[in-house]
Each structure stands twice: as C-alpha cells, then as structure tokens.
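One structure below.
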Amino acid sequence: MMGSSNKEAVDASLQIHKQIKVVFVMGGPGSGKGTQCSKIVQEFGYTHLSAGDLLRDEVKSGSENGAMIHDLMNEGKLVASDVIVRLIVKAIQETDNDKFLLDGFPRNEDNLKAFENLTKIEPDFVLYLDCPEEEMIKRVLSRNQGREDDNIETIRKRFRVFEESTLPLVDYYASKGKLRRVDAARSVEEVFESVRAIFSSTEVRPRPDRHCNCFCKYSSSFAHYEVSTSIDFLPFQLTSFLKRVHV
C-alpha cells in the first residue's frame with residue numbers, strides 16, 4: 022500500500038488541467054467498437070484512445086516502462102491497472118482536445134477503481150455495443166488480420182473473460198443511469214444511426230439559418246430525455262420525438 026507522500030506524487034502526475042468529456046465504449050470482441058469509434062471521431066471530433074494500442078505503442082517506444090510492459094505480456098501476466106491509467110492520462114494531457122473515447126477500458130473492476138481513484142474522472146456516459154456471441158464469433162473469424170488468437174477456442178475464452186469481468190461494469194453503469202445500449206448485431210450503418218442519435222443528444226452544435234433556433238430550443242429537452250433511457254432511437258423515432266417536443 023502506498024504511503025501518503027507517494028500518493029501525492031501520483032496525484033500530481035495525473036492532474037488534467039482542462040475540462041474533458043470521457044465516454045467509455047464497451048462491447049465484446051467483434052462487437053464493432055473500433056469501427057464505431059472511427060465514425061464517432063469523424064462526425065463528432067472525439068479523440069479515440071484504445072488501451073491496447075497505448076500499451077503496444079509504449080512497448081514500441083523502447084522506454085523503461087515499455088520494457089516492463091513487454092516482459093509482463095510475454096509472461097502472460099496482466100499489466101497493472103495504474104500503469105494503464107497513467108498511459109491514458111498521458112495521452113489525454115498530450116492531446117489538444119477535450120473529448121475522448123476510451124475503447125476497451127475499463128475491462129474489469131480493478132481497472133475502474135484505479136481510473137476513478139487516480140483521475141477522479143467520471144464518464145459522461147457508457148456506450149455499450151450489445152451483440153450476440155455467435156454473431157461476434159462469426160465476425161472475428163471472418164477478419165483477415167493474421168491474429169494468432171482469432172480461432173474458435175481462444176475467441177470463446179475471450180468471451181468468458183468479457184462476461185465475467187466486463188459485463189458487471191455494464192450492469193453497474195446501467196444502475197447509475199449512464200448506460201447507452203445499442204443493438205450491434207445490425208449493419209455498420211444501422212448501428213451508427215443509433216450511435217449518432219445518442220451522441221447528437223449530448224452535442225449542442227449550431228445549425229445555419231432557421232434550423233439553429235429550433236435545435237437550440239430542443240437540445241435541453243432532448244438531452245434530458247436521452248439521459249433517462251437506454252432505448253435505441255431509429256431515425257423515424259427521433260423525428261417523431263422532436264415533433265412532440267415542438268408541439
């Protein structure tokens with residue numbers, strides 16, 4: 022257990038001197054997290070941070086920290102949660118943006134506790150890409166990425182880890198009213214229609230001419246409504262809702 026002086030040093034190194042918006046993106050392997058994150062980045066200007074990519078980049082950097090991570094991964098051991106959190110915070114500090122998607126993090130309760138305790142940051146909401154296991158298996162097997170772990174046995178093991186470690190976090194954020202669940206078994210574009218509706222409800226973006234006044238008038242009510250539900254919006258449902266607000 023750390024002493025108080027060490028804790029103060031850690032806290033100082035993890036300070037983020039700007040107001041930021043963080044969204045956790047969760048889903049099993051093959052649920053489409055990376056694909057949807059790319060679309061969110063393009064349309065809404067978020068920075069996409071993948072915990073796995075940050076770890077791999079640190080290893081490639083040749084740093085002392087990277088060597089330690091490399092050794093742990095080679096030995097099949099988990100990288101400590103505080104190490105991952107430090108990499109995430111460093112990326113946030115070095116990025117000229119205030120909106121971030123954390124993809125594949127937190128993976129378990131220990132990740133979550135470390136993030137909350139060390140950064141004092143709460144996610145604005147959690148996007149959960151909900152997809153049946155068999156569909157995810159089909160997608161992962163069809164990927165041509167040359168990954169050694171993309172075989173049926175190891176894929177099912179990854180699902181069991183996801184169910185045991187990550188799904189409890191999904192339930193936790195649902196209980197806090199922060200979960201935004203999307204049916205991810207559909208096509209990429211159909212899934213993004215639902216994702217777009219969720220992110221649009223949190224963005225107050227000006228519209229030209231007469232549309233600007235309408236949007237601004239609706240935005241607070243729409244955002245309030247979205248916070249209270251995790252039901253997907255289809256385009257016609259969103260249009261219907263805005264008409265009711267207008268009336």
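The numbering of the sequence shown is this note's numbering, which starts it at 22 and goes up by one. Backbone N, C-alpha and C define an ideal beta-carbon position, used for all residues, glycine too. Values in this document were obtained by computation on a predicted structure and should not be read as measured data.
- Message: Across the region 202-219 and the region 72-88, are there enough close Cβ pairs to call them in contact, namely three or more that are closer than 8 Å?
- Response: Contact between the region 202-219 and the region 72-88 is absent: fewer than three C-beta pairs spanning the two stretches fall below 8 Å.
- Touch test, the region 149-159 against the region 40-58, Cβ-Cβ under 8 Å, three pairs minimum: Touching, per the Cβ criterion.
- Do you know offhand how far Thr68's Cα is from Gly125's? Using only the alpha carbons, I get a separation of about 14 Å.
- Message: Please report the straight-line C-alpha distance between Val106 and Pro144, rounded to a whole angstrom.
- Response: Their backbone Cα atoms lie some 14 Å apart in a straight line.
- Message: For the beta strand (DSSP E) containing Val43, name the first residue and the last one.
- Response: Taken as a continuous stretch (DSSP letters only), the beta strand (DSSP E) holding Val43 covers 42-48.
- Could you tell me which residues DSSP puts in a beta bridge with His69? Leu122, per the DSSP bridge assignment.
- Task: Please classify Asp103: does DSSP put it in a helix, a strand, or coil?
- Result: Shown here, Asp103 sits in a helix according to DSSP, grouped into three states.
- Check whether Leu123 and Val43 have beta carbons under 9 Å apart: Yes.
- Message: Rounded to the nearest angstrom, what separates Arg207 and His91 at their Cα positions?
- Response: Looking at the two C-alpha atoms, the distance is approximately 37 Å.
- Query: Which residue from Tyr193, Ala205, Glu224, Ser222 puts its Cα closest to that of Gly53?
  - Reply: Comparing C-alpha distances from Gly53 to each of Tyr193, Ala205, Glu224, Ser222 shows the shortest one belongs to Ala205.
- Message: Tell me which residues share the same chain as Ala72 and place their Cβ nearer than 6 Å to its Cβ, disregarding the 5 neighbours each side in the sequence.
- Response: Ile105, Gly125, Phe126.
- For Asp204, three-class secondary structure by DSSP: Here Asp204 sits in strand by DSSP.
- Name, in chain order, the residues that DSSP records as bridge partners for Asp151. DSSP output for Asp151 lists Asp204 as bridge partner(s).
- Task: Output the distance between the C-alpha atoms of Cys58 and Ile113, rounded to the nearest integer angstrom.
- Result: The straight-line gap from Cα to Cα measures roughly 16 Å.
- Query: When we look at the beta-carbon of Ile61 and count the other beta-carbons within 10 Å, is it buried (16 or more) or exposed?
  - Reply: Flag for Ile61 reads buried.
- Query: Do Leu93 and Glu130 have their C-beta atoms within less than 9 Å of each other?
  - Reply: Not in contact: Leu93 and Glu130 (Cβ atoms no closer than 9 Å).
- Task: Confirm, please, whether the CB-CB distance from Ile37 to Ile173 is below 9 Å.
- Result: For Ile173 and Ile37, no; Cβs fall outside 9 Å.
- Ser221 burial status per 10 Å Cβ neighbour count (16 or more: buried): Ser221 comes out buried.
- Task: Could you check the C-alpha separation between Asn118 and Glu185 for me, to the nearest Å?
- Result: Their backbone Cα atoms lie some 34 Å apart in a straight line.
- Query: Looking at Ile109 and Leu75, is the spacing between their C-beta atoms short of 9 Å?
  - Reply: Yes, Cβ-Cβ distance for Leu75 and Ile109 is below 9 Å.
- Task: Locate the alpha helix (DSSP H) running through Arg179, then write down its first and last residues.
- Result: Element bounds for Arg179: 173-182.
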